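**Student:** Mind looking over this structure? Questions follow.
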Amino acid sequence: MHYYSTNRQAPEATLEQAVVKGLAADKGLFMPAQIKRLPDAFYHNIGEMNFREIAFIVAEAFFGEDIEAGKLKDIVYDTLTFDTPVVPVHDNIGSLELFHGPTLAFKDVGARFMARLLGHFIRKEGKKEVNVLVATSGDTGSAVANGFLGVPGIHVYVLYPKGKVSEIQEKQFTTLGQNITALEIDGTFDDCQALVKTAFLDAELNEALQLTSANSINVARFLPQAFYYFHAYAQLARQGKNREVVFSVPSGNFGNITAGLFAKRMGLPVKRFIAANNRNDIFLQYLNTGIYTPRPSTATIANAMDVGDPSNFARILDLYGNSHEAICQDISGYSYNDETIRETISALYQETGYLLDPHGACGYRALRESLQPGENGIFLETAHPAKFLETVESTIGETIAIPQKLQAFMQGKKESVELPAAFAPFKRLLLER
Ligand SMILES: *Cc1c(COP(=O)(O)O)cnc(C)c1O
21 MHYYSTNRQA PEATLEQAVV KGLAADKGLF MPAQIKRLPD AFYHNIGEMN
71 FREIAFIVAE AFFGEDIEAG KLKDIVYDTL TFDTPVVPVH DNIGSLELFH
121 GPTLAFKDVG ARFMARLLGH FIRKEGKKEV NVLVATSGDT GSAVANGFLG
171 VPGIHVYVLY PKGKVSEIQE KQFTTLGQNI TALEIDGTFD DCQALVKTAF
221 LDAELNEALQ LTSANSINVA RFLPQAFYYF HAYAQLARQG KNREVVFSVP
271 SGNFGNITAG LFAKRMGLPV KRFIAANNRN DIFLQYLNTG IYTPRPSTAT
321 IANAMDVGDP SNFARILDLY GNSHEAICQD ISGYSYNDET IRETISALYQ
371 ETGYLLDPHG ACGYRALRES LQPGENGIFL ETAHPAKFLE TVESTIGETI
421 AIPQKLQAFM QGKKESVELP AAFAPFKRLL LER
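Residues are numbered in the numbering used here as their position in the sequence shown, beginning at 1, plus a constant of 20.
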């Protein structure tokens, strides 16, 4: 299948080119030429299939023309070594827990898939080393670094804003060594993202090195996120709750929700989506006014959503043919400040004992405020609450248990390279390694 650029000024790319390049030459994002509708029989039987079986069928719709079925199945099955259960919180609200992977956040799914796909292309072609550049506001870095750790032929640079990610997040990508280099940037997440984007457009750098991105701009990271929307629906089907399904998605760069919108386009019966934001409410402003005005991000306690110019907005516009009206029909928006996020975590914990993380709390809150009679809501619980230990503990006034997987990271020694938020020193470092 071919991939076109949302800016439509670049030639069409193959899957391999789209994955290896990340961003199109005209700075647009790659979109698959087709979004195939899955047959009715699939939806009819979905309740009888397990996660891997469902994911393989979805993966075939996107990648089946480009990767041999046995190989694709290996990649999918090897990616999904953990479950994404829907845990009931209220009668009409379930938590889609996406934090059972190696780094306890949803990005494990996309990052593991992309690492395996890129590794497949490199082995097949005997390509020169690929350098993966990834800007992170917290969880992307850990998921990508762990997903790619030890994959031959790939070196990963994680750029993160100094002092703006939690200690646990930082440990997950600064303690790995091997083919992972952590770059501590004296700036914001947007500065990190800008450095990565500039690198992809720098002629000299691209001449010398093979560069790619593992942010959700990469199709191999973003498309596999559709898998768990189908799996969540299957679980609702088993409970007889698969009517008027509403997904509420805590959103930052909008890769996660866009994968859900793709799932709907493939025929998944979803009534509507909610984009739940922290105070960085650029998308909500767009829904309200029809005007998209990026602005610098504000730091919040849901820091993985501190994004002032969500990259996947271009994909949403493209998917809906630039129609503000059509977008508003499928997606509504909510924005919460830190105080409301804390209040939400605390209230639900007292009411039911279910502990939210600050991102999931936005998703949950939006459902609680907007769910209509007859609707079944699912919010995406995008990270384990222990990843935001200080925030969560100070909010509920109790200490919480740290999962074994996280404790193991905490014992490692931090190693990073400090850099200013300027392109020249970053470029020098890449060229000199
Ligand atoms: C990355 C992240 C988000 C935002 O996801 P996008 O795909 O960028 O919208 C939300 N919650 C957590 C915990 C994250 O790590």
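Just so it is clear, CB atoms sit at the ideal spot from N, CA and C, and this is done for glycine as well. Computed from a predicted model, the values in this text were never measured in an experiment.
Take every Cβ of the stretch 211-219, pair it with every Cβ of the stretch 243-258, and state whether three or more of those distances are shorter than 8 Å.
**Tutor:** The stretch 211-219, when compared against the stretch 243-258, does not touch it at the 8 Å Cβ threshold.
**Student:** Does the stretch 222-229 come within contact of the stretch 23-39, defined as at least 3 CB pairs closer than 8 Å?
**Tutor:** Flag = no, the stretch 222-229 and the stretch 23-39 do not touch.
**Student:** Which runs of the beta strand (DSSP E), 3 residues or longer, sit entirely within the stretch 310-363?
**Tutor:** Within the stretch 310-363, the complete beta strand (DSSP E) runs of at least 3 residues are 351-355.
**Student:** I'd like the ranges of any beta strand (DSSP E) spanning at least 3 consecutive residues and lying wholly in the stretch 176-237.
**Tutor:** Runs found: 200-206, 230-233.
**Student:** Cα separation between Met-51 and Arg-335?
**Tutor:** Taking the straight line joining both Cα atoms gives about 7 Å.
**Student:** Taking 7 Å as the cut-off, is the C-beta of Lys-127 nearer than that to any heavy atom in ligand 1?
**Tutor:** Yes; taking the cut-off as 7 Å, the Cβ of Lys-127 has a heavy atom of ligand 1 nearer than that.
**Student:** Taking the C-alpha atoms as reference points, what is the distance between Lys-217 and Val-107?
**Tutor:** Using only the alpha carbons, I get a separation of about 38 Å.
**Student:** Confirm, please, whether the CB-CB distance from Gln-198 to Leu-153 is below 8 Å.
**Tutor:** Not in contact: Leu-153 and Gln-198 (Cβ atoms no closer than 8 Å).
**Student:** Can you tell me whether Val-154 is helix, strand or coil according to DSSP?
**Tutor:** Reduced to three states, the DSSP call for Val-154 is strand.
**Student:** Considering only DSSP beta bridges, list what Ala-125 is partnered with.
**Tutor:** Answer by DSSP bridge pairing, in chain order: Ala-403.
**Student:** Looking at the unbroken beta strand (DSSP E) that takes in Phe-267, where does it start and where does it end?
**Tutor:** From DSSP, the beta strand (DSSP E) with Phe-267 extends over 265-270.
**Student:** If you drop the 5 nearest sequence neighbours on each side, which residues of the same chain put their C-beta closer than 7 Å to that of Thr-318?
**Tutor:** Counting only Cβ-Cβ distances below 7 Å, and skipping sequence neighbours, we find Arg-299, Asn-300, Asp-326.
**Student:** Which residue's Cα is closest to the Cα of Pro-105: Leu-35, Gly-275, Phe-399, Lys-93?
**Tutor:** The option with the nearest alpha carbon to Pro-105 is Phe-399.
**Student:** Pop quiz: Thr-194 and Glu-435 are said to be a contact at Cβ under 8 Å. What is the actual Cβ separation, rounded to whole angstroms?
**Tutor:** So it is a contact: roughly 6 Å between Cβ atoms.
**Student:** Does the pairing of the stretch 272-284 with the stretch 417-425 give three or more beta-carbon distances under 8 Å?
**Tutor:** Judged by Cβ distances under 8 Å, the stretch 272-284 makes no contact with the stretch 417-425, as fewer than three pairs qualify.
**Student:** Taking only heavy atoms of ligand 1 into account, decide whether any of them is closer than 7 Å to the Cβ of Asp-159.
**Tutor:** Yes, the Cβ of Asp-159 comes within 7 Å of a heavy atom of ligand 1.
**Student:** Could you pull the start and end residues of the beta strand (DSSP E) that Ser-436 belongs to?
**Tutor:** Where Ser-436 is concerned, there is no enclosing beta strand (DSSP E), given that its DSSP letter is neither H nor E.
**Student:** Note down, in chain order, each residue of its chain lying with its Cβ closer than 6 Å to the Cβ of Ala-81, except the 5 sequence neighbours on either side.
**Tutor:** Lys-56, listed in sequence order.
**Student:** By the three-class DSSP mapping on this structure, what secondary structure does Tyr-374 have?
**Tutor:** Three-state DSSP puts Tyr-374 in coil, outside helix and strand.
**Student:** What residues in its chain sit with their C-beta under 6 Å from that of Glu-85, if we drop five residues either side in the sequence?
**Tutor:** Result list for Glu-85: Met-21, in chain order.
**Student:** His-379 to Lys-291, Cα distance in whole Å?
**Tutor:** So the alpha carbons of these two residues sit roughly 22 Å apart.
**Student:** Would a C-beta distance cut-off of 8 Å place Pro-122 and Asn-70 closer than the cut-off?
**Tutor:** Result no, Cβ atoms of Pro-122 and Asn-70 do not sit closer than 8 Å.
**Student:** Would the beta-carbon of Ala-214 be found less than 7 Å away from any heavy atom of ligand 1?
**Tutor:** No - ligand 1 has no heavy atom lying nearer than 7 Å to the Cβ of Ala-214.
**Student:** Please classify Asn-323 as buried or exposed, where buried requires at least 16 neighbouring CB atoms within 10 angstroms.
**Tutor:** Counting Cβ neighbours within 10 Å, Asn-323 comes out buried, since at least 16 surround it.
**Student:** Considering only residues of the same chain and omitting the five flanking positions on each side of Pro-316, which have a CB-CB separation below 8 Å?
**Tutor:** These residues qualify, in order along the chain: Thr-208, Asp-210, Gly-328.
**Student:** Suppose contacts are defined by Cβ-Cβ distances below 8 Å. Is Phe-293 in contact with Ile-351 by that definition?
**Tutor:** Their beta carbons are under 8 Å apart, which means Phe-293 touches Ile-351 by this criterion.
**Student:** On the three-state DSSP scale, how would you describe Phe-242?
**Tutor:** The answer is helix: DSSP assigns Phe-242 an H, G or I state.
**Student:** Alpha carbons only, please: which of Ile-237, Phe-408, Gly-67 is nearest the one belonging to Lys-47?
**Tutor:** The candidate whose alpha carbon is nearest that of Lys-47 is Ile-237.
**Student:** When every heavy atom of ligand 1 is checked, does at least one fall within less than 7 Å of the C-beta of Phe-274?
**Tutor:** Yes.
**Student:** By how many angstroms is the C-alpha of Asn-235 removed from the C-alpha of Val-150?
**Tutor:** Val-150 and Asn-235: Cα-Cα distance of roughly 15 Å.
**Student:** DSSP has Phe-443 in a bridge; who is on the other side?
**Tutor:** DSSP output for Phe-443 lists no bridge partner at all.
**Student:** Do you know offhand how far Gln-431's Cα is from Val-176's?
**Tutor:** The straight-line gap from Cα to Cα measures roughly 22 Å.
**Student:** Name the residue from Ala-155, Thr-160, Phe-141, Ser-115 whose alpha carbon lies nearest to the alpha carbon of Gly-130.
**Tutor:** Per the Cα distances, Thr-160.
**Student:** Alpha carbon to alpha carbon, how far is Gly-397 from Val-265?
**Tutor:** Rounded to the nearest angstrom, the two C-alpha atoms are 6 Å apart.
**Student:** To the nearest whole angstrom, what separates the beta carbons of Gly-260 and Leu-307, a pair I think is in contact under 8 Å?
**Tutor:** So it is not a contact: roughly 32 Å between Cβ atoms.
**Student:** Could you name the residues that DSSP lists as bridge partners for Pro-52?
**Tutor:** Paired residues: Tyr-23.
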